[in-house]
Amino acid sequence: MKLATFAVPSPAGPVRRIGALAEGWLVDLQAAYAAYLARTDPGCESERLAALLIPDDMVAFLGHGQLGWQAAAQALEEGLRIEEAFGRRTRYQLGEVRLLAPVPRPRVIRDFLTFEGHMRNASRALGRGGEIPPAWYEVPAYYKGDPDTVVGPDADVVMPRYTQQFDFELELGMVIGRRGKDIPVEEAHRYIAGFTIFNDFSARDQQMREAPIGMGPSKGKDFDTGNAIGPYLVTPDELDVTNLRMVARVNGEVWSEGSSRGMHFSFAQLIAHVSQSETIYPGELWGSGTVTNGCGLELGRYLQPGDVVELEVEGIGILRNRVVRAVEG
């Protein structure tokens with residue numbers, strides 16, 4: 005299933021919905037599930053039950069677990085059969101709606117460093133001779149980001165005033181779908197809700213100033229609109245994430261081409277590592293880290309206001325964002 009969070013125009017302003025893309029249509033899962041309930045159980049409070057089981061928030065939806073997924077599957081089938089129920093449309097063309105981040109506010113952001121080629125290239129760019137600490141091969145380290153900085157496809161990304169070296173990062177994003185703790189690697193795949201594209205924008209000059217302190221990135225990563233994800237959340241049954249083509253374009257020019265094949269740690273290994281003595285929850289967003297050659301730091305090129313960045317990942321789509329200058333004051 006290819007899930008999306010989208011905004012529908014209304015007289016009172018945009019209304020947020022969760023949908024699934026199929027046969028060229030974006031099905032409003034809540035509206036379609038209400039129609040399904042009304043048809044199969046005419047005596048039930050179909051609209052209220054649909055709103056409970058398929059809310060307009062992706063994290064809440066994922067929290068319903070298997071019940072939510074079953075409802076979504078029934079809704080998708082119903083939405084492809086009919087166009088309207090209870091005075092509400094059940095499906096839309098993509099041009100009629102605005103796609104938002106598939107998970108507009110994740111529970112938490114964890115971003116890893118799993119690509120050896122990126123680590124080596126970044127080490128050279130930072131004047132460290134291409135050396136990689138031996139611990140990197142043993143521990144899948146990560147930092148935590150701010151969930152309130154997430155934006156979706158076609159959103160403007162504001163370049164912080166304090167940076168002259170603004171960068172994109174071509175990453176694969178994974179969203180947790182189940183609560184768990186102390187999860188074995190062999191069972192970890194069951195905890196993945198789906199995959200998306202993740203652009204972890206970075207203020208490189210600020211990040212370099214902070215790095216010697218040893219506390220991890222702070223203002224090098226933390227600024228409004230700094231984490232773009234989308235356009236869809238694609239369920240694992242539709243993707244083989246071990247070998248996906250990944251491309252980054254700036255103003256239509258290809259800056260980077262790579263593959264998810266180079267991950268040193270699999271997502272299953274990441275889940276097993278993080279869940280040691282710690283509960284993970286539905287709606288967490290985890291980044292693979294930058295694919296080899298997947299950022300300006302490795303290429304010696306940086307973004308400028310007005311640049312349009314497109315990240316494309318096979319099977320997921322294109323995440324497009326425009327860089328704008330921060331307004332003074």
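So for the sequence shown, our numbering puts the first residue at 5; every next one is plus one.
The beta-carbon is built from N, C-alpha and C at its ideal position, and this holds for glycine as well.
Straight-line measurement puts the Cα of residue 277 at about 9 Å from the Cα of residue 189. Counting along the chain, the unbroken beta strand (DSSP E) around residue 115 starts and ends at 113-116. Among the bridge pairs identified by DSSP, residue 204 is matched with 231. In this structure, residue 264 and residue 246 form a Cβ contact; the two beta carbons are roughly 7 Å apart against a cut-off of 8 Å. Cβ-Cβ distances below 6 Å link residue 15 to nothing in the same chain once the five nearest sequence neighbours on each side are left out. Per the DSSP secondary-structure output, residue 90 pairs with nothing in a beta bridge. DSSP places residue 271 in the helix class (H, G or I) of the three-state scheme. DSSP places residue 217 within a helical segment (H, G or I) once states are collapsed to three. In terms of CA proximity to residue 325, 315 leads the group 315, 262 and 181.
Apart from sequence neighbours up to five positions away, the residues of its chain that approach residue 27 with a beta-carbon distance below 8 Å are 84, ordered along the chain. Of all alpha-carbon atoms in 18, 59, 20 and 256, the one lying nearest the alpha-carbon of residue 37 is that of 59.
The Cβ atoms of residue 66 and residue 197 lie closer than 9 Å to each other. Between residue 8 and residue 25, the beta carbon gap of about 6 Å places them in contact (Cβ cut-off 8 Å). The three-state reading of DSSP puts residue 61 in coil, since its state is none of H, G, I, E or B. Closest option to residue 163, judged by alpha-carbon separation, among 295, 210, 256 and 45: 210. Separation of the CB atoms of residue 294 and residue 174 is rounded to 6 Å, and the pair is thereby assigned contact status at 8 Å. Distance check between residue 115 and each of 158, 130 and 203 places 203 closest, using alpha-carbon atoms only. Secondary structure at residue 127: helix, using DSSP grouped into helix, strand and coil. With a contact defined as Cβ atoms closer than 8 Å, residue 296 and residue 266 qualify at about 6 Å. Classified as exposed, residue 13 has fewer than 16 neighbouring CB atoms from the shown chains inside 10 Å of its CB. By the 16-neighbour rule on beta-carbons within 10 angstroms, residue 231 is buried. Under the DSSP assignment, residue 36 falls outside any beta strand (DSSP E), being part of the alpha helix (DSSP H) whose first and last residues are 33-44. According to the DSSP assignment, residue 289 belongs to the beta strand (DSSP E) that extends over 289-291. Pairing residue 236 with residue 298 gives a Cβ-Cβ distance that is not under 9 Å.
For residue 302, the enclosing alpha helix (DSSP H) begins and ends at 300-303. Distance from the Cα of residue 121 is smallest, within the candidate group 108, 135 and 109, for 135.
When secondary structure is reduced to three states using DSSP, residue 212 falls in the helix class.
DSSP, reduced to helix, strand and coil, places residue 152 within a helical segment of the structure shown.
In the three-state reduction of the DSSP assignment, residue 109 falls in the coil class. Minimum Cα-Cα distance from residue 102 among the listed residues 49, 69 and 18 corresponds to 18.
By the beta-carbon neighbour count (other beta carbons within 10 angstroms, threshold 16), residue 125 is buried. Of the other Cβ atoms in all chains shown, 16 or more fall within 10 Å of the Cβ of residue 32; this residue is therefore buried. Residue 110 is positioned such that its CB atom lies closer than 9 Å to that of residue 154.
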